[in-house]
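Residue numbering for the sequence shown follows UniProt numbering, beginning at 1 and increasing consecutively.
Notes to accompany the following structure.
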Amino acid sequence: MEYIQKMIRPFTDRSNYYMQQPNSFKRKESKHTHDPQSVLLYIKQIFFTLQTQQNVNMSFLNPNYFSDIQSDLNPEMRAQMIDEVHKLCTAHKAQRRTFHQTIYLLDVYLSTNRIFTAQIDSIYKTCYFIASKYEEIYPSPLWRYTYDRDEMQEIFQIEKELLSLLDFKLVTASSYVWLNYYWTIITIAEKTQNWLTYSLLLLDVALYNINIIKYEPSKIACASLYTSAIMLNIQMNWNNFASQFGLHFQHEIKEISNLIMITLKDSVNQKREIVKHMQLQKDREFY
Numbered sequence: 001m002e003y004i005q006k007m008i009r010p011f012t013d014r015s016n017y018y019m020q021q022p023n024s025f026k027r028k029e030s031k032h033t034h035d036p037q038s039v040l041l042y043i044k045q046i047f048f049t050l051q052t053q054q055n056v057n058m059s060f061l062n063p064n065y066f067s068d069i070q071s072d073l074n075p076e077m078r079a080q081m082i083d084e085v086h087k088l089c090t091a092h093k094a095q096r097r098t099f100h101q102t103i104y105l106l107d108v109y110l111s112t113n114r115i116f117t118a119q120i121d122s123i124y125k126t127c128y129f130i131a132s133k134y135e136e137i138y139p140s141p142l143w144r145y146t147y148d149r150d151e152m153q154e155i156f157q158i159e160k161e162l163l164s165l166l167d168f169k170l171v172t173a174s175s176y177v178w179l180n181y182y183w184t185i186i187t188i189a190e191k192t193q194n195w196l197t198y199s200l201l202l203l204d205v206a207l208y209n210i211n212i213i214k215y216e217p218s219k220i221a222c223a224s225l226y227t228s229a230i231m232l233n234i235q236m237n238w239n240n241f242a243s244q245f246g247l248h249f250q251h252e253i254k255e256i257s258n259l260i261m262i263t264l265k266d267s268v269n270q271k272r273e274i275v276k277h278m279q280l281q282k283d284r285e286f287y
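If you want it as structure tokens, here you go:
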């Protein structure tokens, strides 16, 4: 635990290690009336909308797709695809929301279509292609990350299949969206930028663990807050805190918290792209 804390501590002043730094978390309603999630009058409607959308999103996922469908793939190959998606997001200055949307689309496609190892590049590039067009104001054109004409045609075909599967409904109540929602309604003294930074990092790391997708994104977001509070030694009674702000209770997220910590340790040992990116930023601070 101390080793992990020492490694990520240099980045506790960053809420997003991608190129863009969102300021949407530190705000007051009177100063940010352009943001619908800051309007506390609609907070209940936002919650029920996210809850409904979460149930719809999870209906497309099969947590056991490696054993049921993907005989040619394994969890390590999925982790490598997430690494490649992270490279794309970093290279094209994508939002963190785009990163999470891409991984959701990847899991949806793998839950319903058997693929072969030769298709891996086309699959994750297609998911990023769709997510960036939906989330980004200026999405990166396809020719920037693929130069092969046959691969482009395959990406267009996979895009048709995936959009047809989802019935063109790309709204996603991801764990990142839920964390944004929870952070908006939390109003306590311990609401520090360090807590948010740790939580966002844990959310990204959690994507690498295939066993976590069976849980609701709202619980994953709460588990990241709970785990980061422990790492930062924030003294609180979690169940009272959860009851006050409508979060999940400790017994609901304890197992997810343990999985997140295991995944974080594995990511450090395996030197995943997220960890490499953090180390690169650390090296730059010395110049």
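All C-beta atoms, glycine included, are put in the ideal place defined by N, C-alpha and C.
Item	Value
Taking only the alpha-carbon atoms, compute the straight-line gap between R149 and F99 and give it to the nearest angstrom.	25 Å
Please state whether DSSP places N237 in a helix, a strand or coil.	coil
Tell me which residue opens and which closes the alpha helix (DSSP H) that N180 is part of.	S175 to I185
When the Cα atoms are used, what is the spatial distance from H92 to S140?	7 Å
Please go through the same chain and pick out, in chain order, the residues whose beta-carbon is closer than 7 Å to the beta-carbon of R78, but skip the five residues on each side of it.	I210
How many Å lie between N113 and I69 at the Cα?	7 Å
Among E135, Y109, Y124 and N233, which one has its Cα closest to the Cα of T146?	Y124
Between M81 and S67, what straight-line distance do the alpha-carbon atoms span, to the nearest angstrom?	18 Å
One question on the structure: do E216 and Q54 come within less than 8 Å of each other, judged by their Cβ atoms?	yes
On the three-state DSSP scale, how would you describe Q244?	helix
Below 6 Å CB to CB, which residues in the same chain sit around T227 once its five sequence neighbours on both sides are set aside?	L202, S257 and I260
Less than 8 Å between the CB atoms is what I'm expecting for V205 and S267, so what's the real figure, rounded?	5 Å
If you reduce the DSSP assignment to three classes, tell me which class D148 lands in.	coil
Run through DSSP, which three-state label would S140 get?	coil
Less than 8 Å separating the beta-carbons of L162 and S111?	no
Going along the chain, which unbroken runs of the beta strand (DSSP E) with 3 or more residues stay wholly within the region 66-105?	none
Compute the Euclidean distance between the alpha carbons of T263 and K214, then round it to the nearest angstrom.	15 Å
Between the C-alpha atoms of L50 and K265, what's the straight-line distance to the nearest angstrom?	31 Å
Any contact of the region 226-243 with the region 170-184, i.e. 3+ C-beta pairs under 8 Å?	no
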